[in-house]
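Going by our numbering, the residue at position 227 of the sequence shown is 227; the numbering climbs one at a time, nothing skipped. Quick notes on the structure that follows.
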Amino acid sequence: MIVRSMLLIVTGILVACSSFTINYTLEAEFSDDWDKFENVAKRHGSMVSLPPFELSPQASMEAVDAAIEVANAKLNAIAKLKPSEMTFVNTIGALDDISFEVSLVANRTYMLKETSENAEHRSKATEAIKKVDEWSVGLDYREDVYRVVNAFADTNPNLEDEAKRLLEQTLRDYRRAGLHLVKAERDEVEALRKELAAATTEFRTNITKAKKSIKFTKSELKGLPESFLEQVKTGNDEYTLQANVTFHYLNILRNAKLEKTRMRFSAERLVLASEKNLPLLKKILQLRAVIAAKLGYETWADYRCEVKMAGDGKTAYDFLINLKEGLEPKWKAEM
């Protein structure tokens, strides 16, 4: 149900990374007037908009609360539909739109959670994301909405292309959520999924918060640009890098001549937040295994891969092993 938001994100990345020639100069058509910029984009078949990022911790929480309140009202409207009133637009289409609208708020809240310079804002955004996660899981278990969706599907509507596929995927997602189970088992799966979502968010947040300083001598940093070394110099022949800072990591990985330097930095980065996250990781793995079993899957990998090209965990695993074995001779030769 979050497919549209993911497609938008992927499309944006592809456009940003694409190499193509534009035969006009935007700067020649507008200066700093946003309205003019929008008009230029429209003339060239594009749509642009500024995301309304929340500027305070409370604003992030209020934005999420408002999005969920509006979404719930729309879900209630779907649930009240009579059989004679049901159409693709006001059932499947409406359900997809609701998820998409909430995801827009969730996406920018997640970005603030990861990037805001205000610690209080990051903390409040984390709370807000946990609230969205819980709502998103609960959405799958709105039995009143599920009954309407099922009732519409039972009419065997004559759908084509995207509409047909969206209906199929919506029904598939309900099955994957366990709506076919008896209520007691279904309620248990819902509770477990909410617990898993909260634990996963906490795991990621711990990594974001983690900090680790590593000191090197200049000789240990052979190969790194002088401009970078000037930024991290903290004493006489002392250079302090941060294992949690991505561009420090990339500089080491790409430029450090000494293998032991690369290995030391990578090892420290891999154990960021490990004290807090090891118990969480154990909990996450256990929850995944229990959820997969209750939904009828042999492993969590089978559950996750069902909707991917691989189709199941074994196919994905075999692909990775074959890839590793095929690349290893070249890797060893270059090392």
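Beta carbons are placed, not taken as given, at the ideal position from N, Cα and C, and that holds for glycine.
Check: If you follow the beta strand (DSSP E) that I214 is part of, which residue opens it and which one closes it?
Finding: Looking up residue 214 in the sequence shown gives position 214. From DSSP, the beta strand (DSSP E) with I214 extends over 213-216.
Checklist line | Those residues which DSSP pairs with T240 across a bridge | finding: Walking along the sequence shown from the start, residue 240 turns up at place 240. The partner list for T240 (beta bridge, DSSP) reads K215.
Checklist line | Neighbourhood of E101 by C-beta distance below 7 Å, restricted to the same chain and skipping five residues each side | finding: In the sequence shown, the residue the question calls residue 101 occupies position 101. Closer than 7 Å at Cβ, skipping near neighbours: A67, A71.
Check: To the nearest angstrom, how far is it from the Cα of S99 to the Cα of E85?
Finding: Residue mapping note: residue 99 aligns to position 99 of the sequence shown, counting from 1. Residue mapping note: residue 85 aligns to position 85 of the sequence shown, counting from 1. Roughly 22 Å separates the two Cα atoms.
Next item on the list: Starting from K233, trace the beta strand (DSSP E) both ways and give me its first and last residue.
Entry: Within the sequence shown, numbered from 1, the residue matching residue 233 stands at position 233. Unbroken beta strand (DSSP E) run through K233: 233-235.
Next item on the list: Identify, in the order they occur along the chain, each residue of the same chain with its Cβ nearer than 8 Å to the Cβ of R264, setting aside the five sequence neighbours on each side.
Entry: Against the sequence shown, residue 264 aligns to sequence position 264. Taken in chain order, the residues that qualify are I214.
Check: For the candidate residues F37, P52, A128, whose alpha-carbon lies nearest to that of V64?
Finding: Working through the sequence shown from its first residue, we reach residue 64 at position 64. Among F37, P52, A128, the Cα nearest to that of V64 is on A128.
Item checked: Within the stretch 31-92, ranges of the alpha helix (DSSP H) (whole runs, at least 4 residues) -> 34-43, 57-79
Next item on the list: Following the continuous alpha helix (DSSP H) through S136, name the residue where it begins and the one where it ends.
Entry: The residue given as residue 136 occupies position 136 in the sequence shown. Where S136 is concerned, the enclosing alpha helix (DSSP H) stretches over 119-139.
Next item on the list: Could you check if I321 is buried or exposed, using at least 16 other CB atoms within 10 Å of its CB as the buried criterion?
Entry: In the sequence shown, the residue the question calls residue 321 occupies position 321. Flag for I321 reads exposed.
Next item on the list: Could you round the C-beta distance between V145 and L181 to whole angstroms and report it? I think they count as a contact, below 8 Å.
Entry: In the sequence shown, residue 145 corresponds to position 145, counting from 1. In the sequence shown, residue 181 corresponds to position 181, counting from 1. Contact flag wrong, Cβ pair sits at about 17 Å.
Checklist line | Length of the line joining the Cα atoms of Y297 and R172 | finding: Residue mapping note: residue 297 aligns to position 297 of the sequence shown, counting from 1. Residue mapping note: residue 172 aligns to position 172 of the sequence shown, counting from 1. So the alpha carbons of these two residues sit roughly 14 Å apart.
Check: Closest to L112 by CA distance: which of S60, L167, G223, R254 is it?
Finding: Taking the sequence shown and counting its residues from 1, the one referred to as residue 112 is at position 112. Checked all of S60, L167, G223, R254; the closest Cα to L112 is S60.
Next item on the list: Report the residue from A184, A273, L281 whose alpha carbon sits nearest the alpha carbon of T200.
Entry: Residue numbering aside, residue 200 sits at position 200 when the sequence shown is read from its first letter. Answer by Cα proximity: L281.
Check: Exposed or buried, what is W34 when buried is set at 16 or more other beta-carbons lying within 10 Å of its beta-carbon?
Finding: Sequence index remark: in the sequence shown, residue 34 carries index 34 (1-based). Result: exposed.
Checklist line | Pair within 8 Å by beta-carbon distance, L179 and L287 | finding: Position 179 of the sequence shown, counted from the start, is the residue given in the question as residue 179. Position 287 of the sequence shown, counted from the start, is the residue given in the question as residue 287. Against a cut-off of 8 Å, the Cβ pair of L287 and L179 comes out as no contact.
Notebook entry, point to check: Does DSSP put E29 in a helix, in a strand, or in coil?
Noted result: Residue mapping note: residue 29 aligns to position 29 of the sequence shown, counting from 1. Confidence is the limiting factor: at E29 the pLDDT is only 49, short of 50, which leaves the residue's position unreliable, though a coordinate-based value still follows. Note: E29 maps to coil in three-state DSSP.
Item checked: Alpha carbon of I92 to alpha carbon of D318, nearest angstrom -> Along the sequence shown, one-based indexing puts residue 92 at 92. Along the sequence shown, one-based indexing puts residue 318 at 318. Approximately 36 Å between the Cα atoms of the pair.
Checklist line | For G45, the nearest candidate out of A273, E334, F37 (CA to CA) | finding: The sequence position of residue 45 within the sequence shown is 45, counting from 1. For the residues A273, E334, F37, the minimum Cα distance to G45 belongs to F37.
Next item on the list: Confirm, please, whether the CB-CB distance from A316 to A293 is below 8 Å.
Entry: Position 293 of the sequence shown holds residue 293. Position 316 of the sequence shown holds residue 316. Taking 8 Å as the Cβ cut-off, A293 and A316 do not qualify as a contacting pair.
Check: DSSP state of K283, grouped into three classes?
Finding: In the sequence shown, counting from the first residue as 1, residue 283 sits at position 283. Three-state DSSP puts K283 in a helix.
Next item on the list: Please classify A289: does DSSP put it in a helix, a strand, or coil?
Entry: The residue given as residue 289 occupies position 289 in the sequence shown. Three-state result, A289: helix.
Next item on the list: Pair every Cβ in the stretch 267-278 with every Cβ in the stretch 225-240, then say whether three or more of these pairs are closer than 8 Å.
Entry: no
Check: Thinking C-alpha only, which one of V137, T126, P83 is nearest E195?
Finding: On the sequence shown, residue 195 is found 195 positions in, with the first residue counted as 1. Selected option, being the one with the closest Cα: V137.
Note to self: For D97, tell me which candidate among T170, P52, E328, T234 has the shortest Cα-Cα distance.
What the structure shows: On the sequence shown, residue 97 is found 97 positions in, with the first residue counted as 1. That would be T170, whose Cα lies nearest to the Cα of D97.
Notebook entry, point to check: Which one of T109, K130, K131 has the shortest CA to CA distance from H121?
Noted result: Here residue 121 refers to the residue found at position 121 of the sequence shown. Here the closest residue by C-alpha is T109.
Note to self: Quick check on DSSP: helix, strand or coil for G311?
What the structure shows: Start at 1 with the first residue of the sequence shown, and residue 311 comes out as number 311. In the structure shown, G311 sits in coil (DSSP, three-state: anything other than H, G, I, E or B).
Notebook entry, point to check: Ends of the alpha helix (DSSP H) at E185?
Noted result: Within the sequence shown, residue 185 is the residue found at index 185, counting from 1. Where E185 is concerned, the enclosing alpha helix (DSSP H) stretches over 183-209.
Next item on the list: Kindly list the residues whose CB is nearer than 7 Å to the CB of E220, restricted to its own chain and excluding five residues on each side of it in sequence; keep chain order.
Entry: Residue 220 sits at position 220 when you count from the first residue of the sequence shown. Contacts found: L258, T261.
Checklist line | Burial state of G313, where buried means 16 or more other Cβ atoms lie within 10 Å | finding: As a working note, residue 313 is residue 313 in the sequence shown. So G313 ends up on the buried side.
Next item on the list: Assign G326 to one of three DSSP states: helix, strand, or coil.
Entry: On the sequence shown, residue 326 is found 326 positions in, with the first residue counted as 1. If DSSP states are grouped into helix, strand and coil, G326 belongs with the helices.
Notebook entry, point to check: Can you tell me where the alpha helix (DSSP H) with N107 in it begins and where it stops?
Noted result: What you label residue 107 is simply residue 107 of the sequence shown in a count that begins at 1. Here the alpha helix (DSSP H) through N107 covers 94-115.
Note to self: N90 and L81 - do their beta-carbons sit closer together than 8 Å?
What the structure shows: The residue given as residue 81 occupies position 81 in the sequence shown. The residue given as residue 90 occupies position 90 in the sequence shown. Yes, the pair counts as a contact, with Cβ atoms nearer than the cut-off.
Note to self: Along the chain, where does the alpha helix (DSSP H) containing H248 start, and where does it finish?
What the structure shows: Locating residue 248 in the sequence shown gives position 248, where the first residue counts as 1. Start and end: 246-255.
Next item on the list: Take K74 as the anchor and find which of M47, S123, S116, R142 has the nearest alpha-carbon.
Entry: Taking the sequence shown and counting its residues from 1, the one referred to as residue 74 is at position 74. The option with the nearest alpha carbon to K74 is R142.
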